[in-house]
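In my numbering, the protein residues as written are 2 to 491.
Below: the structure, in structure tokens.
Structure below.
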């Protein structure tokens, strides 16, 4: 199987697009800006979804489902929210088609909706209209709901997984009795996301706050996790929003407290999407194809038989099937590729392209010696292992690969995080090296916009895990309480 991938150094963007298609993850669809997620890509997403769903439920959340269509009038109730999404909304105006005189299918102009419906760009408005019916008393709080759904945001420039008109995600929407509880929920979910992305995706993240201009529309505070891709660009991997009482007031969601007094509830929302697939691909993969962390690989191990005749195949298969049984008993996801339509070399290339963490080859010579050949995807190294030791070695190697991918990504981020003290140095690092740039900023949207306009770099976050270190803004020279992280971003 010839890979013929463009290399990352040649054209990173082209490499990414080719890899998504050649590794059988997704493809462009007949609908402009929308993608088809293929079975292998969807299997990875399902692994992500299952783990996140477990983590949500462990923190007390329940799943529900809300309508895809939202009445236009709902959006007008929260002004900043509608301003944030107005340019991205798909609008349903009619509910019927008809056949024209020439036989073509046209919209029936008599079937116009009394009120236009917005195809869900996010669900705050429809959910808060519903919560008004669900919440009456402090006994109904906290209300901790998550939804797995699709959303539509009309994008002009799309890229598979990273930015598509329709994408898959989860969105949490919670209601609380106090401001402190809502803030704690927002922080908790940011930490849940960071835990998942670091410990399952093996992608290191920086936890922080968004600036006012970068906050979610309608939020008082947006918490985020930011990751750094191999081309030195940042990618927002997840966000959690403290919404205050904005939506509760807009939709009149009140509760009777313990004293019987009516109060507005406090709200949060939080979400991650199939954009995480893009982060996974761009953080770990190489010029040979996809590299998957074992915890999210649909197949952690693949066994490839090598044989010349049916007798050899039967002998190899017996060993392979026993190995597969023993590995599965240990919870390892393993596949025995018995296809006779492709030679072993073709299969080796295929699984390298698809990022399978470990490959085991077994042939007649291995049977004689009581060994197998084991190949790691992350380092492309091979070793000979005695058949009796395979299960223990596989378990150890899968942990080792997971840790190695995280360490490699951490090292890249460390060497591509640069502190600068003036604007000239800022621009030089941005153009020549890229990555995260730690610099002082005077806290004004004017300076933030000037930097964005002149360099295309944005403030990715105000980091939460660094000490406050006063200084002066790299652009204006005004007093700055602490450094922020800048980068060009997806």
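Think of the CB as a built atom: it goes at the ideal place given N, C-alpha and C, for glycine as much as any other residue.
Under a three-way DSSP split, which group does residue i fall into?
i, result
"residue 140", "helix"
"residue 45", "helix"
"residue 319", "helix"
"residue 115", "strand"
"residue 95", "strand"
"residue 255", "strand"
"residue 313", "helix"
"residue 121", "coil"
"residue 467", "coil"
"residue 476", "coil"
"residue 194", "helix"
"residue 36", "strand"
"residue 81", "helix"
"residue 183", "helix"
"residue 218", "coil"
"residue 307", "coil"
"residue 334", "coil"
When burial is assigned at 16 or more other CB atoms within 10 Å of the CB, is residue i buried or exposed?
i, result
"residue 471", "exposed"
"residue 142", "buried"
"residue 135", "exposed"
"residue 51", "exposed"
"residue 352", "buried"
"residue 1", "For the chain, the structure presents residues 2 to 491; residue 1 sits outside this window and is missing."
"residue 215", "buried"
"residue 395", "buried"
"residue 130", "buried"
"residue 404", "exposed"
"residue 429", "exposed"
"residue 106", "exposed"
"residue 252", "buried"
Residue i to residue j, Cα distance in whole Å?
i, j, result
"residue 322", "residue 295", "21 Å"
"residue 494", "residue 473", "The structure shown does not extend to residue 494, since the chain is modelled only from 2 through 491, so no value can be given for it."
"residue 422", "residue 444", "16 Å"
"residue 109", "residue 60", "48 Å"
"residue 237", "residue 120", "24 Å"
"residue 346", "residue 283", "26 Å"
"residue 172", "residue 272", "5 Å"
"residue 292", "residue 186", "33 Å"
"residue 45", "residue 128", "29 Å"
"residue 83", "residue 73", "10 Å"
"residue 33", "residue 469", "46 Å"
"residue 202", "residue 102", "56 Å"
"residue 390", "residue 426", "54 Å"
"residue 434", "residue 312", "57 Å"
For this session: Please confirm if the region 377-385 is in contact with the region 307-326, defined as three or more CB-CB distances below 8 Å between the two stretches.
Result: Touching, no, given that fewer than three Cβ pairs across the two stretches are closer than 8 Å.
Exercise. Can you list, in chain order, the stretches of the beta strand (DSSP E) that have 3 or more residues and sit fully within the region 395-455?
Worked result: DSSP runs (the beta strand (DSSP E)) wholly in the region 395-455: 418-420, 437-441.
Exercise. Contact between the region 170-183 and the region 138-156: three or more CB pairs below 8 Å?
Worked result: Segments in contact, yes.
Problem set entry | Contained alpha helix (DSSP H) runs [length at least 4] in the region 267-300, N- to C-terminal order | Runs found: 276-285.
For this session: Would you mind listing the beta strand (DSSP E) stretches within the region 341-385 that are 3+ residues and don't spill past its ends, in chain order?
Result: Along the region 341-385, the beta strand (DSSP E) occurs as fully enclosed runs of 3 or more residues at 359-363, 372-377, listed in sequence order.
Exercise. Contact between the region 306-318 and the region 355-364: three or more CB pairs below 8 Å?
Worked result: Contact between the region 306-318 and the region 355-364 is present, because at least three Cβ pairs lie under 8 Å.
Exercise. Between the region 154-163 and the region 12-22, do three or more beta carbon pairs fall short of 8 Å?
Worked result: Look at the beta carbons and you see the region 154-163 touching the region 12-22: at least three pairs across the two are nearer than 8 Å.
Exercise. Does the region 199-211 come within contact of the region 221-233, defined as at least 3 CB pairs closer than 8 Å?
Worked result: The answer is yes - the region 221-233 touches the region 199-211, with three or more Cβ pairs under 8 Å.
Exercise. Can at least three beta-carbon pairs, one atom from the region 263-281 and one from the region 322-333, be found at a separation below 8 Å?
Worked result: Per the Cβ contact rule, the region 263-281 is not in contact with the region 322-333 (fewer than 3 Cβ pairs under 8 Å).
Problem set entry | Contact between the region 330-337 and the region 296-308 (3+ Cβ pairs under 8 Å) | They touch, by the three-pair rule.
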